[in-house]
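Residue numbers (my numbering), protein chains in the order written: chain E, 1 to 158; chain C, 1001 to 1158; chain P, 2001 to 2158; chain B, 3001 to 3158. Virtual Cβ for every residue (Gly too), placed ideally from N, Cα, C. Just below is one structure, and these are the notes that go with it.
4 protein chains.
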Amino acid sequence: MEMKPVVGVMGPGAPDEETMAMAEEVGRGVAERGGVLLCGGGGGAMEAAARGAAQAGGTVVGVLSGPDPAAANEYVTIRIATGMGNARNVVNVLSSDVVIAVRGSYGTLSEIALALKCGRPVVALQSWRLDRIGLDDELFHVAGSPAEAVRKAFELIT
Amino acid sequence: MEMKPVVGVMGPGAPDEETMAMAEEVGRGVAERGGVLLCGGGGGAMEAAARGAAQAGGTVVGVLSGPDPAAANEYVTIRIATGMGNARNVVNVLSSDVVIAVRGSYGTLSEIALALKCGRPVVALQSWRLDRIGLDDELFHVAGSPAEAVRKAFELIT
Amino acid sequence: MEMKPVVGVMGPGAPDEETMAMAEEVGRGVAERGGVLLCGGGGGAMEAAARGAAQAGGTVVGVLSGPDPAAANEYVTIRIATGMGNARNVVNVLSSDVVIAVRGSYGTLSEIALALKCGRPVVALQSWRLDRIGLDDELFHVAGSPAEAVRKAFELIT
Amino acid sequence: MEMKPVVGVMGPGAPDEETMAMAEEVGRGVAERGGVLLCGGGGGAMEAAARGAAQAGGTVVGVLSGPDPAAANEYVTIRIATGMGNARNVVNVLSSDVVIAVRGSYGTLSEIALALKCGRPVVALQSWRLDRIGLDDELFHVAGSPAEAVRKAFELIT
């Protein structure tokens, strides 16, 4: 059986409206291209991305930091409860073929770093810009719009 | 959206033929009743249960102890890579609505114990018999056959 | 430099008086024999064992399930905060040369199982009796008293 | 009992000579000021920092990514084996009162991000410069020399 590509979408738990809209558009784009959306399963950008994917008919995997599957947002179709706090971020990136970071703060930065450490390519959508501090890594890419982020992410899946 | 129940099926990585057949029958039964099968994603009883569920058209979640999703057995439809060794067992039980233990050794015993600790009901199919040492817990049940194990598991889902 | 042996002492978080006294005596015995005591760092049997070891001048490592080192009981000298819930139990057993289980419930049973899975010998002090259900494993031993448990534990360290 | 401050020193596993020397000087400084050194327990900068601290008579905690305490470098006095791969990084930062990042790559960046996420202050010694990308956070500080890094770290401990 051919596996669908898994695209991890990471972002802040309490973002502004514009970030929510971007995350939702990314989630929709992932599903429309036939990818499985993986996210943290919580609120904010995680929920927006999940909603976008779910409304486009996609499968949504939510990997929760807490111990209770019922805490997942309503758009998650496969709930993974870790009860491991931030160590959940490792599961997020290892389980993704490619990671899209939508803006975000330290949690998202940790996921970018862990993804690169684990050899998973990253597309940073108006997010942390490692290239600004001299990083030149073929795993790290930037995007200016949700559509560009999704397009680049699928190009990076091998 | 109504969530499908998630049934975790735990068992040995290197079982005998009979145990493999039992795990496969359990997996098939879970899928036939409309449940999502969750397992460790590896070989042995995990693969047998996954095969049973997949052949009945079910969704199979594999939560791997290693860091590489590609190490999942071929019947897994949703691959979760933890890279956390035995700590993966915690994710297995937290993500399940009910756990069926098919025979098994220490790894399976740890999953039974963690499930009970976390409030998840357990059906032990020719597995560890906590009741033999005086345990009386409404979360812990025993079954003699795969069919009985599946039936009891679905009865325990609230 | 010669490493001191590390003895993990596992037991319930909310035990009765007698269990507390047993855990304290075990902790004291570990320190008197020159071992480092490792425990979960919390209250109940963990605190009693830590107090026994600390009062005998020993080093006490507390591996906490929560994210805050300050939550450790007052007898812990080295605080490890995991924030990983029950996955912390894996760290407990992997970091111990031998594990003494003092009575205990499901959490303790998970630690016994994980220890055996990981090849760490276990002394069960009035705790789970795997031998009653037919287990014959050279890694698993039982003890009737704290003194016997400590003596056996140090014999098992290779 | 007054707890000694715990200073986490993070850095690359395979650094150049100069980075090794810097990590060793940081480790020595931590011990000379009465701090406990916490590190990843492995080779490279982790071993150099541990050597510096041990030679100054300090306690060295090594939190290993692998399952075997014996894999710790020879300067570690307290060995914590997690078997959790990169999820170990979470334990590193949660268990530290302050984190010093000595140069480093993605693993170190993940520890910086996780530390900030978890509210632990960070001193970056010729390491990732979050301030260059517009970050202004009172938890994040930079240092140009090992001596400055150690001095700042102890000032940040509350």
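Does DSSP put residue i in a helix, a strand or coil?
| i | result |
| --- | --- |
| Leu3109/B | helix |
| Ala1056/C | coil |
| Arg1079/C | strand |
| Gly3062/B | strand |
| Leu3125/B | strand |
| Leu2038/P | strand |
| Met3010/B | strand |
| Ala2153/P | helix |
| Ala3072/B | coil |
| His1043/C | The residue asked about is misnamed: residue 1043/C is Gly in this sequence, not His. Residue state, collapsed to three classes: coil. |
| Met2220/P | Since the first and last residues shown for chain P are 2001 and 2158, residue 2220/P lies out of range. |
| Lys117/E | helix |
| Glu2/E | coil |
| Arg2028/P | helix |
| Asp2137/P | coil |
| Arg159/E | Because chain E in this structure spans residues 1 to 158, residue 159/E falls outside the shown range and cannot be described. |
Return the residue from the list the options that minimises the CA-CA distance to residue i.
| i | options | result |
| --- | --- | --- |
| Cys1118/C | Gly2107/P, Val2007/P, Phe2140/P | Gly2107/P |
| Ala1147/C | Thr1077/C, Leu1125/C, Asp1016/C, Ala1071/C | Leu1125/C |
| Arg2088/P | Val2123/P, Ile2157/P, Leu2038/P | Leu2038/P |
| Val3091/B | Asn2092/P, Thr2082/P, Gln2055/P | Thr2082/P |
| Gly3160/B | Arg2079/P, Ser2096/P, Glu2111/P, Val2102/P | Summary: the structure shown does not reach residue 3160/B, with chain B confined to residues 3001 through 3158, and so no result is reported for it. |
| Gly144/E | Pro15/E, Pro69/E, Ala101/E | Ala101/E |
| Ala1014/C | Glu1024/C, Gly1104/C, Gly1034/C | Gly1104/C |
| Leu3156/B | Ser3127/B, Arg3120/B, Trp3128/B, Arg3129/B | Arg3120/B |
| Met10/E | Leu64/E, Lys4/E, Met3/E | Leu64/E |
| Thr2158/P | Arg3033/B, Ala3070/B, Thr3077/B | Ala3070/B |
| Met1003/C | Met3/E, Ser127/E, Val76/E | Val76/E |
Short check: CB of residue i to CB of residue j, under 8 Å?
| i | j | result |
| --- | --- | --- |
| Ala1153/C | Val1098/C | yes |
| Pro1012/C | Ala1045/C | yes |
| Asp1137/C | Leu1116/C | yes |
| Gly3027/B | Asn3073/B | no |
| Ala54/E | Val60/E | yes |
| Ala149/E | Val123/E | yes |
| Val1093/C | Gly1058/C | no |
| Pro1066/C | Pro3067/B | Per the sequence shown, residue 1066/C should be read as Gly rather than Pro. Result no, Cβ atoms of Gly1066/C and Pro3067/B do not sit closer than 8 Å. |
| Ala1113/C | Ser2110/P | yes |
| Val2006/P | Ser2095/P | yes |
| Glu1024/C | Gly1052/C | yes |
| Arg3151/B | Val3142/B | no |
Using the DSSP secondary-structure output, state which residues sit across from residue i in a beta bridge.
| i | result |
| --- | --- |
| Val1100/C | Inspection of the sequence shows that residue 1100/C is occupied by Ile rather than by Val. Looking at the DSSP assignment, Ile1100/C forms a beta bridge with Val1009/C, Val1123/C. |
| Ala143/E | Leu125/E |
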